[in-house]
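Under the numbering used here, the first residue of the sequence shown is numbered 1140, with each subsequent residue one higher.
From the three backbone atoms N, C-alpha and C, an ideal C-beta is built for every residue, glycine too.
From a predicted model like this one, the values you see are computed outputs, not experimental measurements.
This report concerns only the one structure given below.
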Amino acid sequence: MTHAAFFRLVMACSLAASGASRAQPAAVAALALYEGADREQRLVKGARTEREINLYSSLVLEDLNALAAAFDKKYGVKLKFWRAGSEKVVQRIVTEARAGRFDFDVVETNGPELESLHREKLLQKAGSTHFPDLVPEAVRPHREWIGTRLNLFVHAYNTNLVKKEELPKSYEDFLHPRWKGRLGIEAEDIDWFAMVVKEIGEDKGLKLFREIVARNGLSVRRGHTLLAGLVASGEVPFALTVYNHNAEKLKQRGAPVEWYAIQPAIARVNGVALSRKPAHPHAALLFYDFMLGEGQATLVQGNYLPTNRKADPGAARTRLKFVDPAVMLDESAKWEKLYAEIITRQSK
């Protein structure tokens, strides 16, 4: 593309920002992929004309509010957001798109769900000067979504009800009679289940989880925040799957909660993506860059593991096994069926 053609496309985005019309896909693509030295300056100028951004996210509310405050303070642009579980975020975006609507400017949610939006052709490839600072697993080959944080699956336990010396060191240890009626698991942690079973060996792993459920039972609860809270209250003494940030927040607030992970710990990259037809393209890209750069500090304050190595607080990552979102999407039917058969339908 010639410089003249590029600047005509960028001008089309600028006219849309001024209220003339929604920017055309070619103009959005040119803006998204622009990595000149004045990228931030251009985005800030356009974003202040657009004044706001619409974000769909599965982040917890307190962290969304913290990001909104930090973004507004830095750029004077209002972050409007709609929050729901990752599955509902995808459903809303797909439903709106099929009705000819692109109400979201940016989406921030789980990796497998973002991968599905990529396959639906609803996302815009973008560049960023922050890419070199990110862990390799954060940068998808197609670059239509990029990792912002790691959801680390950990085991959480109530320190008043579980002794440290009792803690399982392997998944086979959950067969011990002491765990009967004391275990909980989140209802939709299918990717964690698939990764652990594959790590053990598929036949052996499936047999092991069937035996754990048959002998000791599993209390299935929907929502990681809820499950972590039930550990804190003592209703579920030991949870196999909570997110590290949920457990750490409770611990810091004085709850009798501790967490750890049987190695290798399973991590899922969650990320950010730009809408293919954003109503506020400059503000959307400005927030996209913010999430990969300065906004990482806000995520660290929320006890998330950042993908930007400059923001890493020094959390140990000795042995992490990363969920491959593309593989999980391809194998979703298989693992959803197994999880339902072994965990959710048989659990007590």
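Asked: Contact set for E1350: own chain, Cβ-Cβ below 7 Å, skip 5 residues either direction; Found: L1314
Asked: Whether E1325 touches L1300 by CB criterion (8 Å); Found: no
Asked: Segment contact flag, the segment 1173-1181 with the segment 1214-1227, C-beta cutoff 8 Å, min 3 pairs; Found: no
Asked: Coarse secondary structure for Y1250, derived from DSSP in three states; Found: Inspection of the sequence shows that residue 1250 is occupied by Gly rather than by Tyr. Looking at G1250 - three-state DSSP - the assignment turns out to be helix.
Asked: Contiguous beta strand (DSSP E) assignments of at least 3 residues, all confined to the segment 1246-1334; Found: 1285-1297, 1322-1325
Asked: Cβ-Cβ separation, L1345 to Y1310 (assumed contact under 8 Å), whole Å; Found: Actually they do not touch by this definition, with Cβ atoms about 12 Å apart.
Asked: DSSP beta-bridge partners of N1355; Found: Answer is none; N1355 lacks a bridge partner.
Asked: Cβ-based burial, R1288 [other Cβ within 10 Å; buried from 16]; Found: buried
Asked: Nearest residue (CA-CA) to H1421, options S1197, Y1195, D1244, D1312; Found: D1244
Asked: Proximity to S1255 [Cα-Cα], best of V1233, E1276, R1237, P1271; Found: V1233
Asked: Which listed residue (I1339, V1352, Y1443, N1385) has its alpha carbon closest to that of T1483; Found: V1352
Asked: Beta-bridge pairing of F1461 - partner residues as DSSP gives them; Found: A1406
Asked: In chain order, each beta strand (DSSP E) run of at least 3 residues that lies wholly inside the segment 1195-1245; Found: 1217-1222
Asked: Backbone CA spacing between R1187 and H1281 [nearest angstrom]; Found: 29 Å
Asked: Paired residues, beta bridge with V1381 - DSSP; Found: V1293
Asked: Residues of its chain near F1461, where Cβ-Cβ distance is below 6 Å and the 5 sequence neighbours each way are ignored; Found: E1276, A1406
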